[in-house]
Amino acid sequence: MTVPESLRKIRKAHKLTQQDIANVLGVDRTTYTLYETGSTNPPLETLAKLSKMYNATIGYILGTEENNHSERLNKASFAAEDEVDPVAFLSKDERKLLLSYRVLSPEKKQQLREQLDKALKEE
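Numbering-wise (numbering that gives the first Met the number 0), the sequence shown opens with residue 0 and increments by one.
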């Protein structure tokens, strides 16, 4: 599998648009489209963000590994639960939120958790 094929496959598996991923990466949709068409290769920093975001190895994204890390984890974690993947029940907004959270620094994650706790207490 090529980089463009794996990017397209993993994005569609998460039911996200190119614009959704571009927003998380902080690039134009047209820039991200170039990655999926193979016109441009994503820089290493972008590959690292995509890897964190999708919980996939860079090798999977590059097409050098057959199985995605998160697919292996899901199969192992949910095999005892009749193959039900709880992520499948998340809304598109919830999936985007989780993917965005994964690329944040530990400090930003902590700040976000504190803001969320505050918002929940006010609710």
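The beta-carbon is built from N, C-alpha and C at its ideal position, and this holds for glycine as well. It should be emphasised that the depicted structure is a prediction, and the values quoted were computed from it without experimental measurement.
Asked, Found
"Straight-line gap, Y100 to V23 (C-alpha atoms, nearest Å)", "9 Å"
"L33, enclosing alpha helix (DSSP H) - first and last residue", "R28 to T36"
"Alpha-carbon to alpha-carbon, M0 and G62", "5 Å"
"Under 8 Å between C-beta atoms of N54 and V2", "no"
"Same chain, Cβ closer than 8 Å to E4, neighbours up to 5 away in sequence not counted", "G62"
"Bounding residues of the alpha helix (DSSP H) (the contiguous stretch that carries M52)", "L43 to Y53"
"DSSP state of N40 mapped onto helix, strand, coil", "coil"
"Endpoints, alpha helix (DSSP H) assigned at E113", "P105 to E121"
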